[in-house]
Amino acid sequence: MDDFESLSHSKWECKYHVVFIPKSRRKVLYGSLRKHLGEVFRKLAEQKKCRIEDGHLLCIRLAT
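Residue 43 in UniProt numbering is what sits at position 43 of the sequence shown, and the numbering runs on without skipping anything.
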């Protein structure tokens, strides 16, 4: 039950789904920069005292 926050009459669990879509989806992003972004996200989560449960950086094309 540590994942739940509470007040006197309520309990909740906050989870966020974050989608990172760069303006130019080039393969260079999915090389060394991909590893760097993973480190940055982990450091940000540590600073905010959050936990990253799962993470994927995928090279996909979106229909526009």
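Idealized CB from N, CA, C, for every residue including glycine. Owing to the predicted nature of the structure, the values given are computational and were not obtained by experimental measurement.
| Check | Outcome |
| --- | --- |
| Under the three-state DSSP convention, the category L37 falls into | helix |
| Cα-Cα separation, K35 to F20 | 14 angstroms |
| Straight-line Cα distance separating F4 from C14 | 8 angstroms |
| Per DSSP, the bridge partner or partners of E53 | According to DSSP, which records beta bridges pairwise, E53 is partnered with nothing at all. |
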